[in-house]
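Worksheet: the structure to be examined is printed underneath.
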Amino acid sequence: ENIPAEGSGPIYVTTRNDDLKGVLSDCPPSRKSDLVFYGQNGYIEDFLKDEKVFDDSTKVLVYMAVAKLGDKPTDGITDLNPEGLTAATGKWAEQVAARLRGSGLTCNVLDEDNFRACMFEKHMWICTFMLLGVHHGGITVGEVESKHKEDVFKMVEEMQKCLEVERGIKFKDGVPERLCAYARSVAHFPTALKEFSWRNKFWLDIARAREGKGEKDLTPFHTKLLLKARDDGAVKFD
-11 ENIPAEGSGP IYVTTRNDDL KGVLSDCPPS RKSDLVFYGQ NGYIEDFLKD EKVFDDSTKV
49 LVYMAVAKLG DKPTDGITDL NPEGLTAATG KWAEQVAARL RGSGLTCNVL DEDNFRACMF
109 EKHMWICTFM LLGVHHGGIT VGEVESKHKE DVFKMVEEMQ KCLEVERGIK FKDGVPERLC
169 AYARSVAHFP TALKEFSWRN KFWLDIARAR EGKGEKDLTP FHTKLLLKAR DDGAVKFD
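Residue numbers (the working numbering): -11 to 226.
This is how it looks when you write it as structure tokens:
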């Protein structure tokens, strides 16, 4: 779909991560500040910075689920976060929130620092629950939370410490608890290791970079299970 150079208003980008570069290539420079990156799972911050669209664009962290085409979405409301977990930041954040609220969904408008912390929480969620689900035989997200919560806490706490050290992120208390609460709200979700280069590779890259500097791996539990998943054929990487 062509993006008019002379238009105005938000441009919702709802593609998968691997298609983002093509969208940016087709976007006129005059409209790049109108881009709204909506619902991409995985870590895209460095990509957006490399493409020089991070500072001026709008980012939306989507916590909702649609079981099948035509169904109403399940909002990201949990027993710990009744205000919902979906969040937006940037130029068009208020417009995004208004649109979602008009559809009966929640959306919190956040400043950049608070949004980044929430973004990394969701990144921890998808990387942890997908890997643990695969490790334990392909169980659902709900089964990971109910049967292997100790593993969840261990992995998330390692990741949280890693982000505090490597990225300077400040999190609110109760990260593992919030992520488990979200898992309970989407308990039927299946688990699989997808979009590796945008998800779990993030942690592996940090671990390998630290190893190259003679520093300890801050996420050894994740590294161990990820390497086993590769050996078992659940994911491919060098």
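Note that CB positions come from ideal geometry on N, CA and C, so glycine has one too.
Query, Result
"Span of the alpha helix (DSSP H) around Tyr51", "It is not in any alpha helix (DSSP H) - Tyr51 carries neither H nor E in the DSSP assignment."
"With 16 other Cβ atoms within 10 Å as the buried cut-off, status of Leu49", "buried"
"DSSP beta-bridge partners of Val223", "Beta-bridge pairing links Val223 to no other residue."
"Residues bridged to Asp63 (per DSSP)", "Met52"
"Other residues of its chain near Thr207: CB distance less than 8 Å, five sequence neighbours each side excluded", "Met143, Glu146, Met147, Cys150, Trp191, Ile194 and Ala195"
"Coarse secondary structure for Asn102, derived from DSSP in three states", "helix"
"Where Ser173 falls, given that 16 or more other Cβ within 10 Å makes a residue buried", "buried"
"Reference Met112, options Lys40, Phe35 and Ile157, closest by Cα", "Ile157"
"Local conformation of Ile157 per DSSP, three classes", "coil"
"Contact check, Cys95 vs Arg104, beta carbons under 8 Å", "no"
"Spatial distance of Ala53 from Leu213 (CA atoms)", "27 Å"
"Residues sharing a beta bridge with Leu23, DSSP", "Ile(-1)"
"Same chain, Cβ closer than 7 Å to Glu71, five either side skipped, listed in chain order", "Thr94 and Asn96"
"Whole-angstrom distance between Ala81 and Leu8, CA atom to CA atom", "20 Å"
"Option in Asp59, Val11, Tyr51 and Ser18 with minimal Cα separation from Leu36", "Val11"
"Cβ contact (3+ pairs, closer than 8 Å) linking the segment 55 to 63 and the segment 21 to 30", "no"
"Arg19 to Phe42 span [Cα, whole Å]", "13 Å"
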